[in-house]
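Taking it in order: structure first as structure tokens, then the write-up.
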Amino acid sequence: MERELQSVLSPRPVRRRLVWWVGMGLLFCLLLYLCWLFPVMGDDWFREELGRKLAGPRDLMRTVIDGWKSYNARILGNILAYSAGSRKLLREVMRSGLTLGTIYITARHMGFRSFWGVLVATAALLALPLEMFRQIYPWAAGFFNYVPPVLMVLVAFWLIRPVFDGGRVQESLPRGAAVFLLGFGAQLFMENNTLYALWAGLVLLVWYGLREKRLSPTVLAFFLGTAAGAALLFLSPAYGLVMKDEGGYATGLTGGLSGLLATLRENQEEVLRNLIAGCPVLYTALTVLALAGFARARRRWFDIPAAGVLVLGSVYFAFFRGAVAWVWATPIVVVLWGLSLLLACWRWLPLGGGRNRAVFFLVSAGVAAFPLLFVQPIGPRCLYLSYVCLLITAGSFLTALPLERLPAPVIPAVSCLLAGVVLGHCLWVFPPIHALELERDAALAEAMERRETQVRLPAYPHGSYMWDGDSVKVQSRYYYQTPGDLIVTYVPEEEWEAERG
């Protein structure tokens, strides 16, 4: 009893809690500030105008249901994006909160339990390839359709984590209801994420059932939630247009096997590039951490070729991917590299939850990416779920290392450095963009007051960090009678300043 009382009153747990809450609060504030700097861009201007016109929740739901019936079945994605339109404070609080939630739950699946692990996950989740970053975080439409379903699925996985850890799932009505709702809601965003969650729910149900020789009502509830959500999504008449290649998206199914192969050939470079081959943070971290596991594991003869393939594959991704003319070279390297990494997860990680998670999330990355090979158009944002899955695989290798042997200040210092560099870079890029956004909005308002029909605006600096930042879609928000009656063009900032004198 005395020992237990001393552990409660010990300053170390109090200090850890203080670091946790202060650190998480500060991280949320930094993310909120970063989100506040993001400008409105691309078809977010449509949502700005739509949000301005929505009279309330009933009007919002009517708009979403009309979309489900005609052109867009992504019910929850639309609810979030439309409700955030033209409401900047709500939008940025939602965006920063969902980002922090995704960071936290990713860190837990990676095996981190302290605030320093959350900082590592922060750096990893913000250090996306530039093409993916600009379609996920600054672009509100991309954010609200791709980040929330990842968060919801990962939270559901966490609630049934004994499936990975080898224990018994704690069965309860609240837990079953929670995973059902999370599974159901996560399906109402993007189609490839929906197919992945349906697959994951079935795999986890069968996996746990075979291991424990019993059916888990909670895991079954998650699978049923994913099935119900997938049914609601794909029952939308909008997919009838997709299957006929008459909507905004098309599949290769209309052309039969030859159509599928043609779409596969056209899509494979972009899918594999954004899955792994063009993601140096991912393939470098996974290779280095896997080799660290290789050095510590008991090896057999086939482990050495696997380690060699990991190294050679990373060298190919870094230096030779764009230099090889053969169209199937990168797919072959990715498959061999992925199989070697799968062997590494199974052979070089200790038996237990970390190994199970590494294997599951590595396979998950491929499953989530696979449907994208057969639909057009696609973009880097579609691979966000796969990117997070691979980060969790990397975290499993990292937390398997004997980090407790390092001197006490090393882990906090390295974590702060990583998060500081990545967040600091973002906070350096976006302030001038935000300042210019305010000037552009003021110039548009002045032009409308003067009833001008044409207006020239300065182009954004750091334009590569934004998805369609200098967009004529601003005309769907700024117009007199009909969108487009105020013509907007963009010029270099220096030219614009010279014109204004």
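Residue numbers 0 to 500, in numbering that gives the first Met the number 0, belong to the letters of the sequence shown in order. Glycine residues also receive a C-beta, built at the ideal position from the N, C-alpha and C atoms.
In the DSSP output, what is residue i paired with across the bridge?
i           : result
residue 374 : 250
residue 489 : 456
For residue i, which of the options has the nearest alpha-carbon?
i           : options            : result
residue 150 : 185, 189, 212, 239 : 185
residue 379 : 389, 368, 17       : 368
residue 315 : 497, 210, 336, 384 : 336
residue 585 : 189, 497, 450      : Shown here, the chain extends from 0 to 500; a query on residue 585 therefore has no answer.
residue 55  : 351, 311, 86, 39   : 86
residue 209 : 165, 328, 27       : 165
residue 73  : 107, 23, 192       : 192
residue 270 : 299, 372, 325, 334 : 372
residue 382 : 106, 301, 131, 12  : 131
residue 502 : 188, 38, 16        : The requested residue 502 is not part of the displayed model; the chain covers only 0 to 500.
residue 88  : 405, 107, 34, 331  : 34
residue 171 : 215, 134, 129      : 215
residue 283 : 317, 262, 256, 307 : 317
residue 278 : 58, 320, 83, 136   : 320
residue 348 : 302, 331, 328, 327 : 302
residue 487 : 404, 416, 415, 439 : 439
residue 160 : 412, 351, 472, 424 : 351
residue 103 : 51, 175, 20, 137   : 20
residue 137 : 41, 323, 497       : 41
residue 207 : 168, 60, 257       : 168
Quick one: what's got a C-beta closer than 6 Å to residue i's C-beta in the same chain, skipping five residues either side?
i           : result
residue 489 : 456, 458, 469
residue 495 : 457
residue 446 : 454
residue 18  : 114
residue 78  : 63
residue 203 : 162, 218
residue 235 : 67, 72
residue 9   : At residue 9, the pLDDT of 46 sits below 50, so the modelled position is not reliable and the matter cannot be decided from this model.
residue 183 : 224, 227, 228
Can you list, in chain order, the residues of its chain whose CB lies under 7 Å from that of residue i, leaving out five sequence neighbours each side?
i           : result
residue 101 : 124, 146, 149, 150
residue 442 : 454, 456
residue 483 : 474
residue 402 : 410
residue 5   : Residue placement at residue 5 is flagged as unreliable, the pLDDT there being 43, under the threshold of 50; the coordinate-derived value follows with that caveat. Result list for residue 5: empty, nothing under 7 Å.
residue 509 : The requested residue 509 is not part of the displayed model; the chain covers only 0 to 500.
residue 134 : 141, 378, 379, 380, 466
residue 429 : 33, 36, 37
For the putative contact between residue i and residue j, defined by C-beta atoms under 8 Å, what is the C-beta separation to the nearest angstrom?
i           : j           : result
residue 225 : residue 197 : 5 Å
residue 139 : residue 80  : 6 Å
residue 386 : residue 127 : 7 Å
residue 274 : residue 289 : Going by Cβ atoms, the distance from residue 274 to residue 289 rounds to 17 Å, so no, they are not a contact pair.
residue 62  : residue 75  : The pair is not a contact, with the Cβ atoms about 14 Å apart (cut-off 8 Å).
residue 340 : residue 285 : 6 Å
residue 194 : residue 370 : 5 Å
residue 121 : residue 422 : 7 Å
residue 346 : residue 296 : 6 Å
residue 201 : residue 231 : About 18 Å separates the two Cβ atoms, so there is no contact after all.
residue 343 : residue 292 : 6 Å
residue 393 : residue 333 : The pair is not a contact, with the Cβ atoms about 16 Å apart (cut-off 8 Å).
residue 118 : residue 464 : Contact doesn't hold; Cβ gap of about 22 Å is too wide.
residue 326 : residue 264 : 7 Å
residue 84  : residue 47  : 5 Å
By Cβ distance, which residues of its chain are closer than 8 Å to residue i, with the 5 residues on each side in sequence left out?
i           : result
residue 3   : The predicted position of residue 3 is uncertain, since its pLDDT is 43 and thus under 50; no value can be drawn from it.
residue 31  : 91, 92, 95
residue 388 : 360, 361, 363, 364, 367
residue 353 : 110, 395, 398, 399
residue 0   : Because residue 0 carries a pLDDT of 41, less than 50, the predicted location of this residue cannot be relied on, and no value is offered for it.
residue 431 : 460, 461
residue 181 : 151, 152, 154, 155, 158, 221, 224
residue 189 : 73, 76, 144, 145, 148, 381
residue 7   : Model confidence at residue 7 stands at a pLDDT of 41, short of 50, so the residue's coordinates are unreliable and nothing is read from them.
residue 491 : 457, 458
residue 69  : 236, 237
Are any of the Cβ atoms in chain D nearer than 8 Å to that of residue i?
i           : result
residue 498 : The structure shown has no chain D; it contains just one protein chain.
Would you check whether the ligand ADP has a heavy atom nearer than 7 Å to the C-beta of residue i?
i           : result
residue 496 : Absence of the ligand ADP from the depicted structure is noted, as is the absence of any ligand whatsoever, leaving it without description.
Ignoring anything shorter than 4 residues, give me the alpha helix (DSSP H) runs that lie fully in the region 30-106, in order along the chain. The region 30-106 is shown to contain whole alpha helix (DSSP H) runs of 4 or more residues at 43-52, 56-69, 74-83, in chain order.
Ignoring anything shorter than 4 residues or poking outside the region 95-168, list the alpha helix (DSSP H) runs there in chain order. You should have 114-125, 129-135, 139-158, 161-164.
If you scan the region 340-417 from start to end, which runs of the alpha helix (DSSP H) of 4 or more residues do you find wholly inside it? Correct list: 352-368, 383-398.
Could I get the ranges of all uninterrupted alpha helix (DSSP H) runs contained in the region 302-332, with 4 residues as the minimum, in chain order? Runs of the alpha helix (DSSP H) inside the region 302-332: 302-314.
Report the residue ranges of all alpha helix (DSSP H) runs contained in full by the region 155-232; include only those spanning at least 4 residues, in chain order. As far as the region 155-232 is concerned, its whole alpha helix (DSSP H) runs of at least 4 residues are 161-164, 172-185, 190-211.
What runs of the alpha helix (DSSP H), each 4 residues or longer, lie entirely inside the region 264-308? You should have 279-295.
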